[in-house]
Every structure is written in C-alpha cells, then in structure tokens.
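Please read the structure below before turning to the comments.
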Amino acid sequence: MNVLTLIKVITLSVLLSWSTTSLAVAVEPEEILSNPNLEARARSITRGLRCIVCQNQSIDDSTARVARDMRLLVRERLIAGDNNKQVVDYIVERYGDYVLLRPPFQKNTLALWIGPPFLALIILFIIIRFFIIQRNQSKSNSDLLTFSDGE
Amino acid sequence: MIPEIGQFVLLLALLVAGVQSFIPLLGASQKNSALMKTGSSMAIAQFFLILIAFFALTYAFVVSDFSVYLVFKNSHSLKPMLYKISGVWGNHEGSMLLWALILAIFGAAVAVFANGLPSTLKARVISVQAMIGFCFLTFIVFTSNPFDRLDPPPLNGLGLNPILQDPGLAFHPPLLYLGYVGFSVAFSFAIAGLLEEQIDGSWGKWVRPWVISAWTSLTAGIVLGSWWAYYELGWGGWWFWDPVENASFMPWLFGTALLHSVIVVEKRNTLKIWTLLLAILTFFLCLLGTFLVRSGVLTSVHAFASDPERGIFILMILILAVGGALILFALKAPRITSSVSFSFFSRESAIILNNLILTFSSITVLLGTLYPLILESITGGTNSVSVGPPYFNLTFVPIMIPLLIAISFGPLLAWKHNNLAVIANKLKIALISAAVAAIITYIIVPDGPILAPIAIGLAIWIAVGSLTEWAMKTKLFDKPFNITNLKFSYFIRAISGMTFAHLGLSILIIGITGSSAWQTEFITSLYLGESKQFKEHKITLEKVEYFSGPNYEVERAHLLITKPNGETLKFMPERRFFPVSGQTTTEASIKTTLLVDLYAVLGESKVHQKSEKKWTLRFFINPLIPWIWFGAVLMVCGGLLSLANPSHWTVNLYASRKKRSPAKISEPTKMDI
Amino acid sequence: MTRFLLSLPIFFFVVLIGILVLLTLETKEGRDPSIVPSALIGKKAPKIDLPAISDNIPGGFNREDLLGRVTVVNVFASWCAPCLIEHKQIEQLTKNGIPVYAINHHDKVTDVSLWLKKNGNPYEAIGFDPDGRASIEWGVSGVPETYIINAKGFITYKQSGPITKSVLKKKILPELEKAKK
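Spelled out as structure tokens, the structure:
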C-alpha cells in the first residue's frame, strides 16, 4: 500500500462520484438474505467478482451502484435456484472474463498460471543439481564443493 | 519572489548534477584525485540547492500562496498546518521534488560518511548517483515544474483530497521514497563496482548499511500505508494486492533478497555477480513502480497523477538507467570472479535459497500485476482479464512456505559447511513448539482454513528458531546454569538486528493469519437507541451527533458494545464531509485488546418507516491484527539496530581490501549465478 | 554460456519495456485503461422487455423491436452529467434516420420526465430500468453507454462514455456504416 494507493482511491472516488457518496459500507443490510446458507454463498461469489467501474475491488467491497445491482442479481439468481457456477457464468456471459478476480485457466491465461510453477521447477532443478553435484563430490574426495559465480 | 528562488536553485541543482555526473567519473578513470574530490563538494552543493527549492515550495504551501499553480491545485487556506505541509508531496510535482531531494540526501551522505571508500569507487558512486539525480531533475524542470505561476492568483485553492488528510498518510510517502531512493545507492555502488571491475568483501561491507537503511524505510513506508488503509478505508482489510500496492511490494521483496545476498559478498566474497544483478533489478522495480502509478497505463485517466507524457519520461529514465546498467552488467560481469567453495548445508546455500524464493515470489507478483497489460498489448485490447487477490493468494502464499521453513536453518548454519544432523538437533525445540502450536491452533479453531494452523506453526518455528540462535550465541545452555551468568547487558548485546527482524516476521505472520483466516463481520442497521446481538456482543446505537471539524463536517455515531463479561466499550465511528471537494470519508472506530481488534464503521443513514432514520453499521472482529503492526515495528527495529551497529560504518581498509585466499578447492564445479 | 546467461536480463528488459512503451503511447493516443471491452460484441442483443416510463413518454421496447434495421441503444440517466453532453449527438443520429432506443438507468419518473421536457426527447422509445436490472443484461458498467445493433439483432459496437462530436464522427458513424453491410 502506498501513496499511490491514494491515487487509486481518488480515481475511484472521482469515477464513482456520480453514483455514490461514501467509501464506507458496501453491502447494505437490506440486501442480506434471510437464509444464512444462501447469504454465505452469495458473499463468497461476490467476493470473487470484480467491480467493473472500480480499481481492483470486488463487488462485495464496492459502494458503486453497478456493484450493488450485481450483488442483488447474484442473490436473485441464487434464490431462483442457480448453483454458484451458474451464477458466475451468468455474469461472465455479460461482462466477460474481466469480472473474475481469479482469472480462469484457459488459453489466454496459460502463461499466467503456468509461469510460476514452471519457474518453481527451474529453481528446484537448480537446487537438486547443486545437491547431486555435492553428493558426488563428497563421495570422491572432499566434503566441500565449489560454488563459483562466473569464470 | 520565493517561488522564483526555488525555481532558480532547482535549475542550478540540475546544472550541478549535470557536471557531477561526469567530472568525478573522468577523475576516476584518469586517477586524477583533484577531479575526483570535486564530486563530494558537488554532491553536498546539490543537496543544499534542492533543499532550498524544497523549502521554497513548502513555504508557498504554508503561507497558501495560490499564485503558485501547484498550491492552488492542492491546498486550501482552511486546511490544518500538518496537511498544508504534507500537501507539498501529496501531488505529482511535489512528490517528484521530494524524490529528488532524497536522492540528493543520499548522494551527500555518501560524500560525507563514506570516507573509508577507495577514492575511485567513491567518485564513481557519486557520479552515478548524480546521473540519476540529473534525470529526475530534468523530468521535474521540463515536465512537472512545481513552481509554475498562476496570474492572477485565485482567492483560494482547490484543497487537498480529503483522503490524503490523515497523519498516517502524511508520513507514508516520504518513508516510501526513502526506501525507493535508498536502493539507488546500492544501484550506484553496483555500477561503480562494475566500472572498477572489482567487487570483493569490502564492497559488500560498504553497500550493506545503505541497503539496510533503504530496506528499513521501505518496510516502514509499506506498513504505514497498510495501516492507513486499515483504519481509513473502512473495509476491515489492510492488504488488497492492488497494482499500486504491488508496485511497492516487489522492490521490497527484491530488496530483502539483496539485504541477504550482500552479507554473503561481505563475509564470503562470493555470490558477487548475482548481488550486482539484484542491486540493479531492485532499483529497476522501484522505477517500474513509479512508472506504473504515474503513467496512467494502469490507473484510470481520471487519476490526478497519471499522465502518459510523464510515463514516457519515466520510461526514458528507466531505459537509460537500467538498460545501460544491464548492458554494463553483461559486458563487465564475466570479469568479476570468485571461486569460494561451500557445501549444500551451509549458510551460503540458505541465503541462496532465500534469494531464489524471494526473487521468484516477486516475479510472480510482477507477472500477476502486469499480465492484464501484457495480454492487452498482445491481443490488441480485445482480451481482458483481471488478476485479483485470489491469484496472488494462490501463488504467493505457497511460495513463501519453503522460505519460512528455511529461515530457522539459515542463521544456525555455519558458513562453508555444516552437518545437517547437528542443525537438526539444535532445532528440535523449534520443531516441537511449532507442531504443538499448530495442533493447539487447530483444536481451538477447527473450522477455519487448514492453512491457518500451518501458518501459526511456521510462525512459532521461526520465533523459536530465532530464539535458539540467540541462545546459542549467548551460550545460554553451554554453561551450567548460574545466575551470575545472566547479565542483562550481555544478552541484550547479543541480540542482532536479524534476530529482531526474524522475530518480527514471525509475529507478522501470526497477525496475517489471524486477520485473514478468522475475521468475522456483521452488517446491520440501527435506529437510535436500538440494540442488536452479534455473537456474544450486544451493539447499541446510543446517539448520533453532528459538529464541524477544521475543514469538514462530522457525523459521529456513539455505539455501546457490551462484551459477554458485562464490560462496555464506546465506539465513535465518523463520517466526514469535506465541502471544498464535496467528498465524504469515513473514520473507523477501532478498539484493540492486542489480541483482537473490534472495528466499527458508520455507513449512510436512510429514512425508514415512521420517518425515523436508520444508520447502516459495519462491525468487524479482526483477530490478531495488532500483531501485524507490532511485527512490522520489530522488523523496522531490527533494521535500525543493524544500522546502529558501528561495525557497519567503520571500514578497516587493510583488513577488508586484502584479497581473501580462496578456500581449498577439490575439483572445481561451476555453478553460474 | 556465462556470457549468454548474463545477457538474458537485457532480453527480458527489452521485451518488458517494449510492451510498456507501446501501452504508454496508446494511452497517450486515448486508450483508457478503465474502459473494459464488452463481452457482448458479436453476440445477440440481450433479451429484454422494458416498460415505458409513463403514459405520455413513448416507450417500452423489447428485443424484437430492434430487429430489421440498424439501431442504436443508448443508456442514460437524468442525474448523469455527461449524458447531457452527448444529447446533441443523439439528436443528430435521429436526424440521420437511425432509430435510437434508450435504457433509462436508475432514475425516477419525475426526474427523467422533467429532464426530457427540458432537453427534448430524440428517442424512438425509452425503456424504464429503475433498478438497473436490464442494464446488467447489457453488461452496462456506467452511464452513458451506447450500443450499435445490426439488422439481425447482433451487437456490433459499444461506446463507453459520452458520444462527443469527435466520437460521433470518428467512431459511431463509421461503425454504423459497417453495421449496415
């Protein structure tokens, strides 16, 4: 978090100035469903959906009007009997992958999801190679090995 | 008149920085000590000139001189004095001036304090520092002049954004810049070292205090911002994996890696190429963060500081500084040699592991932060995805686990070589405590996420591991127990900055775990005098009062919260309306018991039936949050303690510059790092 | 090998900076990172059936009304300042013979009636959407927004933000021509 976060917040408030007056309370009491199970599901869904007019905020956190409309829609779909996936799909169909805070695993996010494990493997390889070299070394003559950088 | 003086000295500073960029460098290559010595005086002169410019701008803000465009845009005569002053850096132009000032402070500090340095190295460091300064001063003078005038002067200013009017945020940017800019010294040292083609233990020794001070400031800056987000935004959270947050977190991760690898260079005269690269990349990430936030590629066009024009300028600085540095690195690094041997179980290895994981995690954060941009530029804007907190939690958190396991090993391992069995024996207590802690946590909170007890176990593992290391150092268990051995000062002296920092980290982890795994939230609306039950707490809205602050209107609720033991706590969350900007901010009311934060936020009021008003309230129970701040403070203390260590500052030329004889080599195995 | 490895950072640096330069230049040319490309481009217009605001304002429409010719759907509200900016351009479109349908987003009957009386009503029909439910069907993120729908009822273009004179000339009119083909 830094100074620059304020820039975010300022942006956000400028952006939302037409629809909201406050940064404070997002989910309003009257939105909450009486069925606690359904409400818990609604919260878990809305936490994963991005507010489209905000900077990296979930619709659960946002006071923007669109976010509120979407929260109500999520609850409406849940009452209608949709399962979590159907609700999310319903919104993705209209707003695109952009609303998913957790990017889906698909062709255009391949590098995003494969990147870290791939790098982890490289690091693991480096460590194992170092370990094996050391084992061989200590077996032959010395218990030390050279770990030199460059030539 | 005063703004003109500011303008004038700023131009002078630019001139000085320009000359300082090459004269000492020239001196160093010609071994001309007279030319080299000019560097120090120019660095000090540059510092004083920018300081005068900064004071001139501050003066304009303090006296509300609205003929200065920047003051008009960001200040207001009714603003409290603290925010008039913090308004100086609460905007793009002023914050850039502060940035340049801090650069000059560090440059001057090198000139004054680094007396033990070889004259050529010192001259080169000062020149490189001046080059960076020159770039930023050019940037300020030509695209972001803070002294632009407005004629005729308006009667009053537009005011500072209300969200910025907060004590925590007033000091957040300077600390953050101290961190960012502090890493520029490490960068300058790296470049100077590459130019000298000589990096050895003494180089590591000289860089280390600068890295520690930058790291300490950056840590403090990030935490201050996080703390501000926690109490000001009213969302009950303190970290959101937002691109702007990541922009400061990535250099922190790299800086932490650098902090550790520099130790290896100093003590073991190896890992030099890697450390040089880290120093360059850490500063790169600092500049990248600045770019991302100010260029407008990430934030919306509505953001006050974002401007693609400036973005291009920052990119140019980036290309010049980092591009040049990387080319120099590719050319010169092969000439820097070291062949020091160490085994798999050694402190060197532990630090390499630490570095690999920290840089890896930082690259992951970088990937997540930039991915939407990369995708957009590849697909021409037709594809857009979001990378939010779930991604970072899913990737970053697992990466950290091996690091947390390794932390307790590192300090106990000897340099060069150690026997695993010996270490394992030393860490028995830590392992048992960790397991017990994890099990107890699981028993107390069985329905939370499974990662939570594991994280608590890891935190205890680190804490006990650090204490073990401290106990070993004081030889607490070596001697038969004797009360006369327990001299307080002896134990205190044995505590190193590292012990502090590692203990702080363990406490931080406990805080993070508690707040993210076990937070509970209650949203309700209350009439005046109405009460509602939330778990074991009874919440009553006593009254709502309205009054005026210095430059805002306040709506303040008085809440009574009755705890199960009958104790009552009074909460006074507020909403503040700033008429100048027409914006509303919230002030959360937080009561802490050091174990748990109770957190109340006041929302909007609505007229319900019987035309009575009903106030929306959001109430959080945040377990262990104070531990985050406490842990972070400990980490900062660790940094300060290290800095206070006089051995960092006294440079014994003869002992350290002497070439270390390489350790006995059997059959050399090459490992390129 | 060592030399190659030591040059690798330059490679990554160049790629990364290249992307950033590209994006910065695009941002300078008017790219707005806050505007999200619509997921509905190339898809059938969403199924809606909106009521009229009141008896004396022509309105109420459903998806079938949009079929058979190129139409424009505009999302507006009386409380939205930029909507006033684009009002002249909407009138221009109507004059050009393009039927413009409107979704009145989160509004009150009295407010919007007054607004239309004051500023004129160029719309073919206005659908009333006081709770924003229908707007979600269209993937609306803010007001104003404008969609172009071809004769077969497919969405071909989305404009976020007001249709200024230059937007009308540079984007809307060419896109309308494209949609007519």
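Chains as they are written, first to last, in the numbering used here: chain A, 2 to 152; chain B, 907 to 1579; chain C, 3 to 183. By construction, the Cβ of each residue, glycine as well, lies at the ideal position given by its N, Cα and C atoms. Bear in mind that the values here come from a model prediction, so they are computed numbers and not experimental data.
Residue pairing from DSSP places H1464/B in a beta bridge opposite K1449/B. The alpha carbon of S1025/B has as its nearest neighbour, out of Y1086/B, G1085/B, Q936/B, the alpha carbon of Q936/B. Close partners of E29/A in chain B (Cβ separation under 7 Å): T1522. Our two residues, Y1083/B and N38/A, have alpha carbons roughly 47 Å apart in a direct line. In this structure, DSSP gives R69/A a helical state, which the three-state scheme calls helix.
Per DSSP, the continuous alpha helix (DSSP H) segment holding H1166/B begins and ends at 1149-1174. Secondary structure within the segment 1310-1361 of chain B: the alpha helix (DSSP H) runs of 4 or more consecutive residues, fully enclosed, are 1326-1332, 1334-1350 (chain order).
DSSP assignment within the segment 1191-1270 of chain B yields the following whole alpha helix (DSSP H) runs of 4 residues or more, N-terminal first: 1214-1224, 1230-1238. Considering only beta carbons, the part of the segment 5-19 of chain C lying closer than 7 Å to chain B consists of R5, L7, L8, S9, P11, I12, F15, I19, in chain order. Here DSSP, grouped into helix, strand and coil, assigns W1535/B to helix. Per the coordinates, the alpha-carbon of G1074/B lies some 20 Å from the alpha-carbon of L984/B.
Against R135/C, the close residues of chain A are D70, L73, L74, E77, in the order they occur along the chain (beta-carbon pairs closer than 9 Å). Taking 9 Å as the cut-off, the beta carbon of A923/B is found no closer than this to the beta carbon of R1030/B. In terms of CA proximity to R1055/B, L963/B leads the group T1426/B, L963/B, I1008/B, L1027/B. Sequence-distant partners of D1213/B (beyond 5 residues in either direction) whose C-beta falls short of 8 Å from its own C-beta, in its chain, are H998, R1200, S1201, G1202. The beta carbon of E1282/B sits closer than 9 Å to some beta carbon of chain C. Beta-bridge analysis with DSSP links D131/C to H107/C. Rounded to the nearest angstrom, the Cβ distance from Y149/C to A127/C is 15 Å, too far for a contact under 8 Å. The criterion of a C-beta distance shorter than 9 Å is not satisfied by H1078/B and G1140/B. Looking at the DSSP output, I150/C bridges to V74/C, Y159/C. Going by beta carbons, L52/C and I105/C fall inside the 9 Å limit.
Note on geometry: alpha-carbon atoms of P124/C and F1484/B lie some 38 Å from one another. Using a CB distance below 9 Å, no part of the segment 965-980 of chain B faces chain A.
The C-beta separation of G1195/B from S1154/B comes to about 6 Å, placing the pair in contact by the 8 Å criterion.
One finds L102 in chain A with Cβ atoms closer than 7 Å to the Cβ of P1295/B, taken in chain order. Interface with chain C (9 Å Cβ-Cβ cutoff): D83/A is excluded. For Y1277/B, at least one C-beta of chain A is nearer than 9 Å to its own C-beta. Of the candidates S1495/B, N1062/B, Q926/B, T1419/B, N1062/B places its Cα closest to the Cα of Y975/B. Taking each of E40/A, F132/A, N57/A, I92/A in turn and checking the Cα distance to I138/C, the smallest one comes out for I92/A.
Under the Cβ criterion (8 Å, minimum of three pairs), the segment 21-39 of chain C does not count as touching the segment 73-89 of chain C.
Residue environment: I1349/B is assigned as exposed (fewer than 16 neighbouring CB atoms within 10 Å of its CB, all protein chains considered). Under the Cβ criterion (8 Å, minimum of three pairs), the segment 935-949 of chain B does not count as touching the segment 1109-1124 of chain B.
Sixteen is the threshold: when 16 or more other Cβ atoms of the shown chains lie within 10 Å of the Cβ of F1477/B, as they do, the residue is buried. Beta-carbon to beta-carbon, G1229/B and T1188/B are separated by about 16 Å, too far to satisfy the 8 Å threshold. For A1153/B, no CB of chain C lies under 9 Å from its own CB, so it is not counted at the interface with that chain.
Note: F967/B is not bridge-paired with any residue in the DSSP secondary-structure output.
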